[in-house]
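In the UniProt record's numbering, the protein residues as written are 1 to 79.
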């Protein structure tokens, strides 16, 4: 289990270092925004993967997402 956790963290580190190199070569603000979003998603994915590998039961995101999108759908249908 420790090997799997280290593997996930190693993949995240390699990804971060690669993106850091890309950001240093291209100083465009669009690239920086894309990299920030990608790093956020990768970080969240790494944390979830490590927790799942450790055997922790994670709550399903279905109910909060359903509540949020239900209100948006009702607002759109009223128009």
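Every residue, glycine too, gets a C-beta built ideally from N, C-alpha and C. Just so it is clear, the structure is predicted and the values come from calculations on it, not from any experiment.
| Query | Result |
| --- | --- |
| Beta-carbon within less than 8 angstroms of residue 52's beta-carbon, same chain only, minus the 5 sequence neighbours each way: which residues are those? | 58 |
| By the three-class DSSP mapping on this structure, what secondary structure does residue 58 have? | coil |
| So what's residue 67 in DSSP terms, helix, strand or just coil? | helix |
| For the region 66-79 against the region 37-45, do three or more pairs of beta-carbon atoms, one drawn from each stretch, fall closer than 8 angstroms, so that the two count as touching? | no |
| Identify whether residue 42 lies in helix, strand or coil by the three-state DSSP scheme. | helix |
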